[in-house]
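In the numbering used here, the protein residues as written are 116 to 371.
For every residue, glycine included, the Cβ atom is placed at its ideal position computed from N, Cα and C.
Source: prediction; values computed, not measured.
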């Protein structure tokens with residue numbers, strides 16, 4: 116019997132503080148703020164309600180003006196996972212939603228199929244957290260420390276789902292065989308998210324600067340769905356220009 120959650124909620128954390136691209140969530144793409152495009156992509160996935168967890172009122176105002184829903188959270192929260200937990204406790208205190216899909220607020224071109232794939236690993240009731248990865252095909256990514264590698268035991272290659280053994284900025288695993296580029300989109304069972312945000316930062320998390328290692332060090336299980344492409348993350352003006360090229364006024368209409 117499938118243990119996949121039945122009432123997921125999509126939360127999109129967003130805040131204005133960004134050193135490389137100031138006010139990033141409000142950056143204009145074809146007449147709409149970037150955060151609105153991300154909200155539209157999440158709506159197109161049709162997984163459940165979509166709410167932006169905003170660090171500033173200006174983000175709330177932009178989303179509401181576009182017809183979306185947003186909740187204001189404290190601006191000084193240390194991470195996106197803390198922000199979505201803060202939002203969740205405000206909008207769903209009774210625990211109606213049994214899973215939380217955390218879509219990063221800087222992915223305006225992400226495909227609906229990519230978001231939807233993040234629920235697949237939760238068919239297994241032993242899995243606490245689901246995430247995504249893409250097989251690396253570009254030689255330079257194998258050794259690039261900015262490309263986080265998911266070390267995955269592919270026990271179910273037909274479903275393209277495996278168990279995460281580790282995440283690292285190093286080139287791993289060694290030897291012949293595939294390596295996987297981790298995509299920082301997570302789906303948590305509700306209880307797993309609550310446990311995760313109440314854990315202290317772990318030694319390997321600090322060493323690798325990878326928050327998900329906190330969960331592995333606490334014996335939480337993370338499984339990985341393999342998808343076909345890494346979505347464009349907008350971190351710089353060049354990334355923003357590329358997003359404007361990839362998104363046209365036609366494709367930026369909200370899904371309903």
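Which residues in the same chain as residue i place their Cβ atom closer than 8 Å to its Cβ, once the five residues preceding and following it in sequence are excluded?
i, result
"residue 213", "120, 121, 122, 123, 304, 305"
"residue 197", "312"
"residue 363", "145"
"residue 162", "123, 125, 216, 230, 231, 234"
"residue 282", "263, 264, 265, 266, 297, 323, 325, 327, 328, 331"
"residue 366", "Because residue 366 sits at a pLDDT of 45, beneath the cut-off of 50, its placement in the model cannot be relied upon, and the following sentence gives the value as read from the coordinates. Closer than 8 Å at Cβ, skipping near neighbours: no residue."
"residue 134", "none"
One question on the structure: do residue i and residue j come within less than 7 Å of each other, judged by their Cβ atoms?
i, j, result
"residue 179", "residue 167", "no"
"residue 129", "residue 150", "yes"
"residue 265", "residue 279", "yes"
"residue 199", "residue 217", "yes"
"residue 341", "residue 330", "no"
"residue 339", "residue 292", "no"
"residue 251", "residue 297", "no"
"residue 319", "residue 308", "no"
"residue 225", "residue 275", "no"
"residue 169", "residue 185", "yes"
"residue 204", "residue 245", "no"
"residue 314", "residue 344", "no"
"residue 154", "residue 183", "yes"
"residue 300", "residue 247", "yes"
For residue i, which residues of its own chain have a beta-carbon under 6 Å away from its beta-carbon, when the five flanking residues on both sides are left out?
i, result
"residue 273", "none"
"residue 359", "144"
"residue 370", "Bear in mind that a pLDDT of 46 at residue 370, under 50, signals an unreliable position, so the number given afterwards is only what the model happens to contain. Cβ within range, chain order: 158, 159."
"residue 164", "124"
"residue 228", "none"
"residue 138", "131"
"residue 175", "169, 185, 187"
Does any residue of chain B have a CB that is nearer than 7 Å to the CB of residue i?
i, result
"residue 307", "Protein chain content of the structure displayed is limited to a single chain, and chain B is not contained in it."
Between which two residues does the alpha helix (DSSP H) holding residue i run?
i, result
"residue 355", "352-361"
"residue 196", "195-206"
"residue 160", "149-160"
"residue 176", "172-180"
"residue 74", "Since the first residue of the chain shown is 116 and the last is 371, residue 74 is not available in this structure."
"residue 270", "That residue, residue 270, is in no alpha helix (DSSP H); its beta strand (DSSP E) goes 264-271."
"residue 142", "It is not in any alpha helix (DSSP H) - residue 142 carries neither H nor E in the DSSP assignment."
Over the uninterrupted beta strand (DSSP E) stretch that includes residue i, give me the two end residues.
i, result
"residue 323", "Per DSSP, residue 323 belongs to no beta strand (DSSP E); it is in the alpha helix (DSSP H), 318-323."
"residue 289", "It is not in any beta strand (DSSP E) - residue 289 carries neither H nor E in the DSSP assignment."
"residue 247", "244-250"
"residue 130", "Residue 130 -> no beta strand (DSSP E), and no H or E assigned at all."
"residue 229", "Counting along the chain, residue 229 falls outside any beta strand (DSSP E), though it belongs to the alpha helix (DSSP H) covering 227-232."
"residue 280", "276-283"
"residue 122", "Counting along the chain, residue 122 falls outside any beta strand (DSSP E), and DSSP gives it neither H nor E."
"residue 187", "185-187"
"residue 340", "337-341"
"residue 214", "214-217"
In its own chain, which residues sit with a C-beta less than 7 Å from the C-beta of residue i, not counting the 5 before and 5 after it?
i, result
"residue 268", "277, 278, 280"
"residue 241", "336"
"residue 171", "130, 131, 190"
"residue 211", "122"
Rounded to whole angstroms, how far is the Cβ of residue i from the Cβ of residue j, which I believe are closer than 8 Å?
i, j, result
"residue 284", "residue 263", "6 Å"
"residue 142", "residue 355", "6 Å"
"residue 147", "residue 181", "7 Å"
"residue 136", "residue 316", "That pair is no contact at about 26 Å."
"residue 239", "residue 118", "6 Å"
**Request:** Decide if the region 258-268 is in contact with the region 189-204; the criterion is three or more beta carbon pairs, one per stretch, under 8 Å apart.
**Result:** The way I'd put it, the region 258-268 doesn't touch the region 189-204; fewer than three beta-carbon pairs between them come closer than 8 Å.
**Prompt:** Would the region 217-237 and the region 342-356 be scored as touching if the rule is three or more Cβ pairs under 8 Å?
**Reply:** yes
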